Amino acid sequence: MADNEFEYKAVGVRYTRSESITFQGKQNWIAYKKKGYQIKDWGGGSGNWIAYKKTKIELEVDDGNWVDVTSLVRDYYQRQKITKSLIDKFVQDLASNNVNYEILLKAQGNLEKKKQDDERNKIAAEKAKKDALNYESTKKALEKLVLNIENVLSQVSAGTKEELGQLIVEIKGSEVTADNYSNYHRLAVSLIVKERESRR
C-alpha cells in the first residue's frame, strides 16, 4: 500500500490522500500510470509531467464491492475539504453505527433537495425584487402621466377637458401595470392630438 493510502479494515474504508509528483521520462510516465495516477503535461511539451491522485474515500458496501463515497462524505459532514481528522470522524461514526451507506445517500438526497429549494427561493426573491422595482417605476410613470394631463387641461376645449378628467379618474383607480400605463398614455396622446387637429 502506498504512503498516501490508508485502509480501515474493521469498518471497510479505504482512504487515498491527494498527492502530486513532478517527473520526467516515458518510463516514469508508464510506471505512474500503472499505479493509478492521473497524468498531465506540465511545461508545454518540455518533457515535464505531473502525476497526481485526487482525494478518494471508498466504502465496502458488500463483500469486496467498493464504492467511491468521497462526495457523499463531504456533503454529509458539510466540508469542502477532506482531511485526516474528517476521515477519523467518519470511521468512528461507522464503527458506532451512526452512519452507513444508506444514511449517506439519504443525506445527499436531502442536501440536493435543499439546494433546489434554495435555488427556487433565490429565483423567487429576485423576481419579487424585480417586480417591486417594476411596480415602483410604473407607479411613478402613471403619476407623471396624470400630472402631464392636468397641465394641459387649461389648454383644451371643454369636451376634451371632460374626457381627460375622466381619464385621470380612471388612471388613479386602476391597477399599476405596464400595460395600463401604455394604454392610458396612448389614449391621452390621442385625445390631445385630436384636440390640436380640430383647431387647424
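Just so you know, we're using the numbering used here here: the sequence shown kicks off at 15 and counts up by one. Where is the CB? At the ideal position from N, CA and C, for every residue including glycine. In this text, all values refer to a predicted model and were calculated from it rather than measured experimentally.
* Asked: At which residues does the beta strand (DSSP E) containing VAL73 begin and terminate?
  -> Residue mapping note: residue 73 aligns to position 59 of the sequence shown, counting from 1. The residue asked about is misnamed: residue 73 is Leu in this sequence, not Val. For LEU73, the uninterrupted beta strand (DSSP E) segment begins and ends at 70-76.
* Asked: Is there contact here, the region 103-111 with the region 130-147, by at least three beta-carbon pairs under 8 Å?
  -> Judged by Cβ distances under 8 Å, the region 103-111 makes no contact with the region 130-147, as fewer than three pairs qualify.
* To do: Return the bridge partner residues of ASP131 from the DSSP annotation.
  => In the sequence shown, counting from the first residue as 1, residue 131 sits at position 117. As DSSP reads the structure, ASP131 sits in no beta bridge.
* Out of curiosity, what's the CA-to-CA distance linking SER99 and ARG93? -> Taking the sequence shown and counting its residues from 1, one reaches residue 99 at position 85. Taking the sequence shown and counting its residues from 1, one reaches residue 93 at position 79. In a straight line, the C-alpha of SER99 is about 12 Å away from that of ARG93.
* What's the C-alpha gap between SER188 and GLU164? -> Residue mapping note: residue 188 aligns to position 174 of the sequence shown, counting from 1. Residue mapping note: residue 164 aligns to position 150 of the sequence shown, counting from 1. Distance from the CA of SER188 to the CA of GLU164, rounded to the nearest whole angstrom, comes to 17 Å.
* **As assigned by DSSP and simplified to three states, the class of SER32** => By 1-based counting over the sequence shown, the position of residue 32 is 18. Looking at SER32 - three-state DSSP - the assignment turns out to be coil, as it is neither helix nor strand.
* **GLN52: first and last residue of the uninterrupted beta strand (DSSP E) it sits in** => Position 38 of the sequence shown holds residue 52. Element bounds for GLN52: 52-55.
* Please report the residue range of the alpha helix (DSSP H) in which VAL81 lies. => On the sequence shown, residue 81 is found 67 positions in, with the first residue counted as 1. That residue, VAL81, is in no alpha helix (DSSP H); its beta strand (DSSP E) goes 79-82.
* To do: From the DSSP output, read off the bridge partner residues of TYR66.
  => Here residue 66 corresponds to residue number 52 of the sequence shown, with the count starting at 1. Under the DSSP definition of a beta bridge, TYR66 partners with SER34 and GLN52.
* Quick one: using the 10 Å Cβ neighbour count with 16 as the cut-off for buried, is ILE44 buried or exposed? => Counted from its first residue, the sequence shown places residue 44 at position 30. It counts as exposed.
* **Minimum C-alpha distance to LEU178 - residue among SER151, VAL25, GLU209 and ASN112** => The sequence position of residue 178 within the sequence shown is 164, counting from 1. LEU178 has its Cα closest to that of GLU209, out of SER151, VAL25, GLU209 and ASN112.
* To do: Give the straight-line distance between the Cα atoms of GLN41 and SER32, rounded to the nearest whole angstrom.
  => As a first step, residue 41 is located in the sequence shown; it is residue number 27 there, counting from the start. As a first step, residue 32 is located in the sequence shown; it is residue number 18 there, counting from the start. Between the alpha carbons of GLN41 and SER32 lies a distance of about 22 Å.
* **Separation of VAL207 from ARG200, as counted between CA atoms** => Taking the sequence shown and counting its residues from 1, the one referred to as residue 200 is at position 186. Taking the sequence shown and counting its residues from 1, the one referred to as residue 207 is at position 193. Their backbone Cα atoms lie some 10 Å apart in a straight line.
* To do: Take GLY26 and list the residues in its own chain whose beta-carbon comes closer than 7 Å to its own, dropping the five residues that flank it on each side.
  => Sequence index remark: in the sequence shown, residue 26 carries index 12 (1-based). The beta carbon of GLY26 is closer than 7 Å to those of LEU73 and GLU74 in its chain, skipping five residues each way along the sequence.
* To do: Could you say which of ALA192, ALA155 and LEU205 lies nearest to VAL170 if we only look at CA atoms?
  => Looking up residue 170 in the sequence shown gives position 156. In terms of Cα proximity to VAL170, the closest of ALA192, ALA155 and LEU205 is LEU205.
* Asked: ALA172 CB to nearest chain D CB: under 8 Å?
  -> Here there is only one protein chain, and chain D is not present.
* Could you give the residue range of the alpha helix (DSSP H) that holds LYS186? -> To locate residue 186, count along the sequence shown from 1; it is residue 172. For LYS186, the uninterrupted alpha helix (DSSP H) segment begins and ends at 172-186.
* **Environment of ILE35 [buried if 16+ CB atoms lie within 10 Å]** => Within the sequence shown, residue 35 is the residue found at index 21, counting from 1. Label assigned to ILE35: exposed.
* By how many angstroms is the C-alpha of TYR198 removed from the C-alpha of GLU150? -> Taking the sequence shown and counting its residues from 1, the one referred to as residue 150 is at position 136. Taking the sequence shown and counting its residues from 1, the one referred to as residue 198 is at position 184. Straight-line Cα distance between these residues: approximately 17 Å.
* Asked: Going along the chain, which residues of its own chain have a beta-carbon closer than 8 Å to the beta-carbon of VAL190, five neighbours each way excluded?
  -> If you number the sequence shown from 1, residue 190 lands on position 176. Cβ within range, chain order: TYR149, THR152, LYS153 and LEU156.
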